[in-house]
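Chains as they are written, first to last, in this note's numbering: chain A, 1 to 633; chain B, 634 to 967; chain C, 968 to 1255; chain D, 1256 to 1604.
Given below as structure tokens:
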């Protein structure tokens, strides 16, 4: 008996003891022995890095990327900001000026900035760029090896600060390889890599950095990385914009959304990459110090990425554009917006993200055409476009959260988007019947007599909002009598997407620069030459495996004009019109990211009032924040 | 002695059989995964990057060669066993070229440290209390423990973990709710580091023990409740043998036997349990590694982890089997 | 049997509590037939309403009435647990008894297979199964898979008991009186291991439902089918915990805990009733 | 009305006219009172039994199963667990005078008595020894506290005792399951007698054994009993065993004694119809008269028949038997019967 009593007490004591010591620890805060006021803590959406000690980003996929490595320690020739940029959308980083192409786009000359140094004191020169290209071509398993070997015939440093690329074939967009949207080809430190015998097996730990920060400390379990501001930060490209304020950057894996919200409420996480809308609302309500892109609703930052319902147009059922249109007309975008983003979505009827510079180049100018657009249901012609959907969503929301909802139409268009397709079951019925489907009982039958079954592949946990959108669409189709189901492809989505192993897919095949009107970034890959045969892997991004002669022509024309050529806008609008007529994917909304920033220790985050960059912390552009942030008090 | 040689040989044979069947099973299953590691890598590279379709086609080919996925299935299978023989699981595909063995070596201490300890602790404590509760059936304090156990034990582990997380993470934020240790702490035998580890392990450990302990407690209690009525216990009582001696040498001694088998089995749960524990508490370890490997279609890693766990568990079972006859003479004549 | 159940109900406090709890849960499940809402549809009611008279358990962020949705969820979850338990019991009984009684190579072979199932980590395998089966992974497919994976522990347990039974008088007498193996196992040993089977049934349901909850919470089941795990899954998708929609998680959890504790108490009290020894104690005359 | 020779333990204890009384049981009532799941049951397993066991005597207790034999010895030896309880009467041992019965002794008294003064040879030797401990340990656990002395001395004592019983000393190193049934029973007997107790209770000591072994074991028991001069209460349904062993023999039916006499006398001239039947149904060499079976079945002790519990099966049963319960009447020296139908035993049925 005594034995048993003593056991119990010992057990309880140990628990209480532990709890005790933990109490004192919470007071001590999230990071031991770092000055909190000089530290910016950001979420790394990559989560926990399996291979924590690996910093050689040029080896494919061996370590973390957005653990601060590409935001703070790496650099390349140019950046294009998805928003307005520190001093314009186009940013010459390591390059001193824009790329200089020859007449037929077979040669690109780059002038480099001077006085830029690696963190180990070695100066950055053309030799590094040349080595980067040469090495990637030499080691065919490096990350950008293929892209470079395909394009580059020869590269040479004509002067210490001038490089000339000779291209194998004309390419007016070659510089894009060295231009950061999210990332780009990062420049390697020649003096480091030329010493190692196999650059593919080299972990590059501790990394010699070209950015303003150097690695300070990292978790061998890959949960956190801490970077320290270089003493010679002036000798980096970021330094040109002034001294970065945070002395330390901590990129951490705060865990699932709830934990992120809690962490920020405890002021232990300055920048949340993304949370579910409800988490966002909670922070907006309960954490006075939290701010987001939009001051009020819908808060989120719209990434230049266009989530859409992607058809596998190689499936017989979805070969007919009438079927695709029918399914589009069965979607009530308002419900989808509510289910996915609780209304905090920026909708788009056309295949271009309604963000950055795009509305002024595309969405705005195309409104009239859209309103006039006619669709032949086989029985009659209808005008499916409703220019006021954005307005309707705003009004719908105003009832519950009036003060937060803008009233100015421009603001509404910016926040909620412009128009979308009217939900029109009648027209959908006609379209389906036109292409041989028929309703039996309360279920639809495909022409082959089988029930009309549609599976919508979603990514589950990995992308909650998209999963919610997909589930809502499924529900709407099911109500109409289609045998629709969600198919959660958590983990398998990537493989299935490239293998074309799906009916329809909640994903995106449209990504743009955001700040720049050029569409080749995604559109070039939509050319019929790249469409893979059924069953074989499809290269990104034309997941719908769709092609169209008119589109091919557009793409080829774009290839032969300059990056900034205004004619590009015209061609872009042509693409939009073709895509609307054909409906290869049902564009829904921009990818809104609920990036939440805590102003307890730092102010001056990028917002819609001061859109100097994208706050989403895994984008390499987000480095612009570091120079604009101000410590509070 | 002759018996032991025979017995040992049998058990060893069985052990090997289990390991080989198990590994083959997982080999087949893991290779049936529809996830293509090459596509995963390419997606990781292209999801944000700007890469032309031709480039991807090229990359795909070279990656296949790099990951050694070009050979036929038979060839790959042979390679696999060749590697196992040399205790080398080759490179991980999802974090190429880092060797699988290195990744596991990093993760294993965390898993063992947390789960094995928790399991053993709750086993010992649960059986002690359970035994006492079964023998002294009218002790009020033990009745209370019983009620507690009945309330806690049946609750699914995930729920318990979630509840603890909510209680001590959100409602009453006392304890860290993710990670193995605090930020910016240098690993090493420093008090700060050890303290931080302890602190981070409380919630996961507690969750494991709450569930485990109840099970052992109730199990032991019911076994003892039966043993108490065995003739040899009654007889010993009639012979006026002291209660404590009866409890120790007659009741506990005999009741523990099934529980010992139980322990060996529940050690098997360590590697499964690790997954959920590490998911919920963001705790580092083999489970987290395994899941991420499954996601990445990283056969190498999945196989590595499962193989290690299979060998680990069956070794535990083997040891128990070898010790068992020392504890239960009856088995020796089987 | 019925009368003993009646007695249990009247005079055994544990059994009574258990019965009440399980009863309530069963009633919940039954109510699903009376639900005014379809479990598949969303945004049928105003979202995020706290518990009120009209919505006793509140409403979810997906505009579902928690109470009514819960009735479907618990029904599916319950059915799932039962199917797995029954199937796996049969397996573990057959294998455990046989291998314990037969011993020798039969035992070794069976136990090798058994141990293999014990040592392979289940979770990743279930996940891989899900990857392969995709939307064909309905709850009953999952149930069968789990049953096939979930018998090993108890088989070993039952075996160890059968092992000890083998040295009991009644086994010997059974053998001498020329009973066949099947007869000995069924007539002599089965009643003896029944209590364990009951206990394990409970534990197995705990295990299977627990695993199902975990799987679906992590999104590895058909998320459109309402289950307890599924509800928690969707709640997490909407960060209900921090969004203050606590009722979305609290009520499913409470219900499932009720189910487990209830089942457990039933198992415990029935063990006592079934266990031959305690019956002897009760029917005192048997000792004279 | 009729001349009774009621037993009076106190007197028996005070004035020792006859051989000294080792155990005196007087009007002992032991019932199983179950209130399990509310089912109120009272099983009158032992209902008013009186007898005495003298020193250095083997007293046999016969009766078919469920006649209350085992319950009786449980009650006598205070080996009762709920729901069995003593509701009346007493059973006093010589070595514990005064006390109504053993179950009133203090824990320390019991500890001192058990195995030293009173030991048991239990039914089902298979399972009375701890299967996972060597025999030696059982000896140590049971006896060492009484015999005292250091380990070595104790070991010597044990060996001597085993020799006395012609047992090989290395059984000590064996585990119970490694011994044959007979051997195990012998070991149990050795264990029960190691402390040379005054009183030994043997419950079906040889039931599980085959005839040959049975004889050896019985001889062994008798020898050691004679050697120790202690009393033995031998309980078995097997009249053959009693014939072979018991000095005096009592027959139990339905929780009561029906007849008691010196063994030879009981066999030669049984008085009670039940006893008669028992004896008659014994196989005898040479005689092949048809065995007359006894109609009906043993009484249900939860609801025993009124009056004499044997009357439903009794060929001589009369009205009185249905109304009154017969008491034990001395019909001759050391011969008591409980039956109205027996001449000299209280009139006619």
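Each residue gets a CB set at the ideal place from its N, CA and C atoms; glycine is no exception.
Rounded separation between residue 1077/C and residue 757/B - CA only: 29 Å
Nearest candidate by alpha-carbon position, reference residue 416/A, set 470/A, 269/A, 346/A and 380/A: 346/A
Counting only the same chain and skipping the five closest in sequence on each side, list residues whose C-beta sits under 8 Å from that of residue 29/A. Low confidence applies here, because residue 29/A scores a pLDDT of 47, under 50, leaving its location unreliable and the question unanswered by this model.
Counting only Cβ pairs nearer than 8 Å, list the residues of chain A close to residue 1211/C. 282
Can you name, in chain order, every residue of its own chain whose Cβ lies under 8 Å from the Cβ of residue 153/A, other than the five neighbours on each side? Excluding positions up to five away in sequence, the list reads 166, 167 and 168.
Under a three-way DSSP split, which group does residue 1253/D fall into? The shown model of chain D, from 1256 to 1604, leaves out residue 1253/D, and the question about it has no answer.
Can you find a CB in chain B that lies within less than 8 Å of the CB of residue 1483/D? no
Proximity to residue 388/A [Cα-Cα], best of 402/A, 404/A and 410/A: 410/A
Taking the beta carbon of residue 221/A as the centre, do at least 16 other beta carbons fall within 10 Å, making it buried, or is it exposed? Burial state of residue 221/A is buried, judged by a 10 Å Cβ sphere holding 16 or more other Cβ atoms.
Contact check, residue 655/B vs residue 1083/C under 8 Å by CB: the rounded distance? 5 Å
In the DSSP assignment, find the beta strand (DSSP E) that holds residue 226/A and state where it starts and stops. 224-229
Residue 406/A beta carbon less than 8 Å from that of residue 353/A: no
Give the single residue among 881/B, 692/B and 701/B whose Cα lies nearest to the Cα of residue 760/B. 881/B
Exposed or buried, which one is residue 625/A when buried takes at least 16 other CB atoms within 10 Å? buried
Simplified DSSP assignment, three categories, for residue 899/B: helix
Close-in-space but distant-in-sequence residues of the same chain around residue 23/A (CB under 6 Å, 5 per side omitted): Reliability of the predicted coordinates at residue 23/A is poor, the pLDDT of 39 falling under 50, and no value is obtained from them.
Would you call residue 401/A buried or exposed, if buried means 16 or more other Cβ atoms sit within 10 Å of its Cβ? exposed
Entirely enclosed beta strand (DSSP E) segments - the stretch 415-441 of chain A, minimum 3 residues: DSSP runs (the beta strand (DSSP E)) wholly in the stretch 415-441 of chain A: 438-440.
Closest to residue 1322/D by C-alpha separation, out of 1432/D, 1360/D, 1505/D and 1343/D, would be which residue? 1505/D
Runs of alpha helix (DSSP H) wholly within the stretch 332-364 of chain A (minimum 4 residues, chain order): 333-341
Which word fits residue 955/C, buried or exposed, when buried means at least 16 other C-beta atoms lie within 10 angstroms of its C-beta? Residue 955/C cannot be examined here, being either before or after the span of chain C that is shown, 968 to 1255.
Should residue 941/B be listed as close to the ligand SAH, given that the test is whether its C-beta is under 7 Å from any heavy atom? This structure does not include the ligand SAH; it has no bound ligands of any sort.
With contact counted as at least three CB pairs below 8 Å, one residue from each stretch, are the stretch 1448-1462 of chain D and the stretch 1385-1400 of chain D in contact? Verdict: yes, contact present.
Less than 8 Å between the CB atoms is what I'm expecting for residue 249/A and residue 213/A, so what's the real figure, rounded? 6 Å
For chain B, is any of its Cβ atoms less than 8 Å away from the one on residue 1048/C? no
Could you give the distance in angstroms between the alpha-carbon of residue 1117/C and the alpha-carbon of residue 1034/C? 31 Å
Taking the beta carbon of residue 1139/C as the centre, do at least 16 other beta carbons fall within 10 Å, making it buried, or is it exposed? exposed
Starting from residue 264/A, follow the alpha helix (DSSP H) in both directions and report where the run begins and ends. 257-265
Strictly under 8 Å for the Cβ-Cβ distance: is residue 630/A near chain B by that measure? no
Residue range of the beta strand (DSSP E) that includes residue 156/A: 152-159
Quick check on residue 1505/D: does DSSP put it in helix, strand or coil? strand
Cα separation between residue 973/C and residue 1068/C? 36 Å
Can you list the residues of chain B that residue 200/A reaches, using a CB-CB cut of under 7 Å? 730
Whether residue 506/A touches residue 454/A by CB criterion (8 Å): no
Tell me which residue opens and which closes the beta strand (DSSP E) that residue 604/A is part of. Run containing residue 604/A: none; DSSP gives neither H nor E here.
Does DSSP put residue 609/A in a helix, a strand or coil? coil
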